[in-house]
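>
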Amino acid sequence: MNKNKILQHLIEENNGYLLSSMVIEKNISKTFLAKYVKENDLERVARGIYITEDVWPDELYIMQVRNAAVIFSGETALHLHGLIDREYSAIFVSVPTGYNATHLKTGNVQVRYESKNSYRLGVCTVPSTSGNMVRVYDKERCICDLISDRSKIEVQNFQTAMKEYMLEKGKKLSKLIEYAEKLGMRDEVMKYVEVFG
Numbered sequence: 002m003n004k005n006k007i008l009q010h011l012i013e014e015n016n017g018y019l020l021s022s023m024v025i026e027k028n029i030s031k032t033f034l035a036k037y038v039k040e041n042d043l044e045r046v047a048r049g050i051y052i053t054e055d056v057w058p059d060e061l062y063i064m065q066v067r068n069a070a071v072i073f074s075g076e077t078a079l080h081l082h083g084l085i086d087r088e089y090s091a092i093f094v095s096v097p098t099g100y101n102a103t104h105l106k107t108g109n110v111q112v113r114y115e116s117k118n119s120y121r122l123g124v125c126t127v128p129s130t131s132g133n134m135v136r137v138y139d140k141e142r143c144i145c146d147l148i149s150d151r152s153k154i155e156v157q158n159f160q161t162a163m164k165e166y167m168l169e170k171g172k173k174l175s176k177l178i179e180y181a182e183k184l185g186m187r188d189e190v191m192k193y194v195e196v197f198g
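All residue numbers for the sequence shown refer to our numbering, where the first residue is 2 and numbers rise by one.
(1) Confirm, please, whether the CB-CB distance from Ile148 to Tyr193 is below 8 Å.
(2) Span of the beta strand (DSSP E) holding Ile154?
(3) In whole angstroms, give me the CA-to-CA distance for Ser119 and Glu76.
(4) Output needed for Ser85: all residues of its chain with C-beta closer than 7 Å, excluding positions within five of it in sequence on either side, in chain order.
(5) Kindly indicate the opening and closing residues of the alpha helix (DSSP H) around Ser131.
(6) How is the alpha helix (DSSP H) around Leu61 delimited, first residue to last?
(7) What separation, rounded to the nearest whole angstrom, lies between the Cα atoms of Val156 and Glu88?
(8) For the region 123-140 against the region 97-110, do three or more pairs of beta-carbon atoms, one drawn from each stretch, fall closer than 8 Å, so that the two count as touching?
(9) Considering only the alpha carbon of each residue, which of Asp150, Ile29, Ile12, Ser95 lies closest to Phe73?
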C-alpha cells in the first residue's frame, strides 16, 4: 500500500481525523505528512491533529488526544451518558494529582484532581456527541461524584441525573456500592439510592 493510501485509510478509520502520531507509527515522514495535508486541504485543528473539510472539530476528542491524562467527568460525563439532557456548562475533566493542568484551565474547562486510588476507578469509553470515542467515568462513578459534589451542582441536573440513573434497566447498583465503599462514601450513596429508588 502506498503512503497516500495509508494516510487515506487512517483518515477513514478515525472519522476524518489524521494524527501525526499515527503517521509516524506507520514510518511516514513529517515532510510527506505536510505535503499530504496541503494537497488534500486538511485543516490543522491543533498541533499534530488534522481534519478533512467535511468534519466539524470535536473539542472533547481533540482535548483528549492532546492530553492523554484527561478523563471526562462531572456534567460532561453525565451528558455523554444521557443522564442529563442539558448541554454541559463547562468541560469537566479529571486528572491525577500532580498533573500539570495549567494549560487546561481556560474559560470553559473545570479541572478536578484525583488521587492515585480514585483516578482510574470506573473509566470507560463512550462516543462523544460527534461520534469519536472518548474516555469518561462510567455511570456508577458519575453518580458517586454527583453525590459527593451535590453542593456545586444545579439542583435540576442533580435530580435529573439521579432519577435517570435509578430508572435505567442496566444500572449496576452492586458496582455503585463497590465504588462508594472505595471512595469512602457508602452511607451517603445508600441514602440517595433509597430516596430516588
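No residue lacks a Cβ here, since even glycine has one placed at the ideal position from N, Cα and C.
Let's see:
(1) yes
(2) In the DSSP assignment, Ile154 falls outside any beta strand (DSSP E), carrying neither H nor E.
(3) 18 Å
(4) The residue you asked about is not Ser; residue 85 is Ile in the sequence shown. Cβ neighbours of Ile85 beyond the five flanking positions: Glu76, Leu79, Asn158, Thr161, Ala162.
(5) Element bounds for Ser131: n/a, residue is neither H nor E.
(6) 60-67
(7) 15 Å
(8) no
(9) Ser95
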